[in-house]
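**Q** In the working numbering, the protein residues as written are 77 to 181.
1. Can you confirm whether the stretch 153–169 touches the stretch 123–139 when touching is taken to mean that 3 or more C-beta pairs between the two stretches lie within less than 8 Å?
2. For the beta strand (DSSP E) holding residue 69, just list the boundary residues, first then last.
3. For residue 91, which residues from the same chain have a beta carbon less than 7 Å from its beta carbon, with the 5 sequence-adjacent residues on both sides left out?
4. Indicate whether the contact test is met: 3 or more Cβ pairs, each with one atom in the stretch 77–89 and one in the stretch 107–114, closer than 8 Å.
5. Taking residue 145 as part of the alpha helix (DSSP H), name the residues at either end of that continuous run.
6. Taking residue 88 as the reference, give the member of 162, 143, 99 with the closest Cα.
7. Just to check my reading of the structure: residue 148 and residue 161 have Cβ atoms closer than 8 Å, yes? What is that Cβ distance to the nearest angstrom?
8. Report all residues from its chain with a CB closer than 7 Å to the CB of residue 174; omit the five preceding and five following residues, and keep chain order.
Following this line, the structure appears as structure tokens:
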């Protein structure tokens, strides 16, 4: 049986909704973000900038993601060989990660 005797320094959440839930869980435990626990999300949901402190996240090109997905689906249905596609995501540094340059929105 495993027993955790220390608390994590940070959480990297799969999306901003999960990160929001982590904020709530941290608050219930009396933890301060980012002093006690750094939290990051993924997808730059519009509410992320309005959490307190503002959530550090990763912004992905959602329109391009959908367009490429549809294009690849049509290519697959036509029996074409699928090309590799790389889309660029960018970090949005805000205060929840504890970085000094983070924005306080």
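Glycine is no exception: its CB is placed at the ideal position from the N, C-alpha and C atoms.
**A** By the coordinates alone:
1. yes
2. With the chain covering 77 to 181 only, the question about residue 69 has no answer from this structure.
3. 117, 118, 119
4. yes
5. 138–153
6. 99
7. 7 Å
8. 110, 114
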